[in-house]
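If you read the sequence shown in my numbering, its first letter stands for residue 2, the second for the next number, and so on. Cβ coordinates follow ideal geometry from the N, Cα and C atoms, glycine included. As the structure is a computational prediction, the values presented were derived from the model and not from experiment.
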Amino acid sequence: MKKAEDQLLVIFGASGDLTGRKLLPALAELRTQGLLPDRFAVLGAARTAYDDESFRQFRREDSGSPLPDDFLRQVRYQPFDPNDPASYAALRGRIESLREELSLPDRIVFYLATPPDLYGIVPSGLREAGLDTATEPGGWRRIVVEKPFGRDLESARELNGLLRDIFAERDIYRIDHYLGKETVQNILVLRFSNGIFEPLWNRNYIDRIEISATETLGVENRGGYYDRAGAMRDMVQNHLMHLMAFVAMEAPSSFEPEPLRDEIVKVFRSLRSYSAEAMETDVVRGQYEGYRTEKGVAPDSTTETCVAMRFYIDNWRWAGVPFCLFTGKKLRHKESLITIHFKSTPQRFFAGQCSGRSCNKLTVRIQPDESIALNFGLKTPGAGFRVRQVSMDFRYDSLPGSDLPGAYERLLLDAMTGDSTLYARSDALEESWKFVEPVLRHWQRQGDRGLYRYRAGSDGPAEAARLFDDGAPERCTKED
Ligand code: BG6
């Protein structure tokens with residue numbers, strides 16, 4: 002990985018959970034690997050009245066992993082009220098003095114790790130304070146925006162408009178941390194560096210594709226946020242849609258940010274919109290028992306904590322191939338998987354060849370136990386021709402010395418080095434909202450109707466299993 006050039010990173014929402022759990026540990030790891038700039042500082046900004054030392058102390062005790070002192074010495078803090086213009090003036094003063102003290106160039110990444118209602122307010126404040134543009138030669142500004150990016154198409158467009166009024170599109174980094182995962186990036190390498198998969202990677206040979214991301218935890222301390230979002234906004238519209246795009250896209254003309262992101266948008270544009278009927282038959286939502294008594298959740302909440310959906314990509318490569326997504330909280334397993342089911346041979350000669358329509362599958366295990374496995378039939382040793390299914394596996398932990406980098410390490414470094422390949426582009430976000438929004442509106446009209454309850458620790462509502470052959474999220478039924 003390329004080392005970042007000298008710069009300052011300003012994190013808004015510095016006293017929040019994301020900064021403590023993800024951002025600071027990722028930066029500390031980048032430092033250990035020698036990838037942080039020689040001249041560099043992290044300036045945390047949030048409402049709480051810390052000074053540099055008390056902020057470091059708070060983060061030292063609070064972060065999931067220990068933060069080394071030599072890294073923490075690079076971390077500073079500025080109390081900041083996003084609604085107070087004087088705060089922006091003070092921030093500007095602090096940035097100027099830090100730049101002077103550390104001889105930092107006029108290059109700043111602003112990271113919005115704040116609640117989403119500040120995504121518009123902070124950039125506007127930065128502009129008012131003249132912090133939005135670099136004035137020195139070779140200087141730049143970049144802004145990283147966390148998800149959720151809007152809560153529907155209109156609000157996403159509004160936010161895009163507002164950000165683009167202030168920053169150039171190339172300087173806006175909309176994060177989707179799934180794209181920072183090593184195993185997700187590897188989908189592209191698996192597909193586009195190996196000649197053996199591409200000829201089979203289409204409707205002629207693939208029966209169906211399943212993508213699931215299940216979690217064992219519930220909403221924990223994020224009930225307030227989650228109850229307004231739900232599984233569709235929290236997981237499907239961003240993470241799962243991007244996974245699906247990586248699986249379905251055409252090869253880009255080059256591995257540069259724009260050609261790659263062009264291909265993602267083309268997939269989203271080819272999605273078949275749900276008809277009123279398909280919304281009933283091909284989408285299922287559930288809510289885990291006990292959700293309504295979680296902290297921050299409305300007692301009569303109809304927010305979905307689990308979604309199963311089947312849909313089609315109406316393009317040359319994928320016409321007629323069902324894509325099935327499944328995600329939810331408080332389920333039996335924490336795992337993210339992509340399963341490509343290949344079509345069976347036209348005749349089944351052998352006893353036990355396989356059950357169902359697909360005898361071969363390729364499973365990409367995104368997490369945990371990251372691996373890739375190809376299933377095929379093998380003759381059971383002995384008399385006759387009985388077949389059993391076996392698999393060829395590659396496990397990441399079999400690579401010597403290959404601890405997988407965390408998603409935030411990769412994405413933070415990319416933003417600091419100016420590589421937006423793994424960040425969402427505005428048109429892709431808008432297209433993915435276009436796809437899911439009608440379903441969200443349908444659910445809103447439905448209220449409690451069609452919201453199925455499921456037991457914590459189960460596989461989700463039985464009705465979601467209806468989309469799959471026999472209850473396992475790996476088996477979705479093909480349209481007749
Ligand atoms: C986040 C969601 O974006 O992704 C969380 O807001 C979810 O609700 C998390 O738990 C899942 O991420 P991962 O990397 O643990 O699969």
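*Looking at L413 and L31, is the spacing between their C-beta atoms short of 8 Å?*
yes
*Report the partner residues of C325 according to the DSSP bridge assignment.*
E211, R311
_Per the DSSP calculation, T381 is bridged to which residue(s)?_
None, per the DSSP bridge assignment.
_Using only the alpha-carbon positions, how far apart do P474 and L468 sit?_
In this prediction, P474 has a pLDDT of 44, which is less than 50 and means its spatial position is unreliable; what the coordinates show is noted afterwards. Rounded to the nearest angstrom, the two C-alpha atoms are 8 Å apart.
*Leaving out five residues before and five after Q368 in sequence, what residues of the same chain have Cβ atoms less than 6 Å from its Cβ?*
S337
*Under 8 Å Cβ to Cβ from G458, same chain only, skipping five residues before and after it: list those, please.*
T217, K331, L332, R333
*What three-state label does DSSP hand R234 in the structure shown?*
helix
*From the DSSP output, in three-state form, read off M250 for me.*
coil
*Could you check if D481 is buried or exposed, using at least 16 other CB atoms within 10 Å of its CB as the buried criterion?*
Any reading at D481 must be qualified, since the residue scores a pLDDT of 31, below 50, and its modelled position is unreliable; the value itself is stated next. Burial call: exposed.
*When we look at the beta-carbon of S433 and count the other beta-carbons within 10 Å, is it buried (16 or more) or exposed?*
buried
*Determine the direct distance from the alpha carbon of D85 to that of L73, and round the result to whole angstroms.*
28 Å
*asked:* If you measure between the beta carbons of I12 and A114, is that distance less than 8 Å?
replied: yes
*Cα-Cα, which of S254, S125, L191, R22 is closest to S372?*
L191
_Taking the beta strand (DSSP E) that I367 belongs to, which residues open and close that run?_
361-368
*asked:* Report the start-end ranges of each beta strand (DSSP E) in the region 88-164 that is 3 residues or longer and not cut off at the edges.
replied: 108-113, 141-146
*DSSP beta-bridge partners of Y78*: G45
_A334 Cβ short of 7 Å to the ligand BG6 heavy atom set_ = The sequence as given places His at residue 334; Ala does not occur at that position. The answer is no for H334.
*Leaving out five residues before and five after G472 in sequence, what residues of the same chain have Cβ atoms less than 8 Å from its Cβ?*
Any answer about G472 is weak, because its pLDDT of 37 lies below 50 and its placement is not dependable; what the coordinates show is given next. Closer than 8 Å at the Cβ level, and outside the excluded window around G472, lie D460, A463, A466.
*If you run the structure through DSSP and keep just helix, strand and coil, what is F343?*
strand
*Unbroken alpha helix (DSSP H) run spanning M393, endpoints*: Segment 388-396 is the beta strand (DSSP E) holding M393; no alpha helix (DSSP H) there.
*Could you spell out the range, first to last residue, of the beta strand (DSSP E) harbouring L10?*
8-13
*Under the rule that 16 or more other beta-carbon atoms within 10 Å means buried, what is S104, buried or exposed?*
exposed
*Please confirm whether L127 and L44 have their CB atoms less than 8 Å apart.*
no
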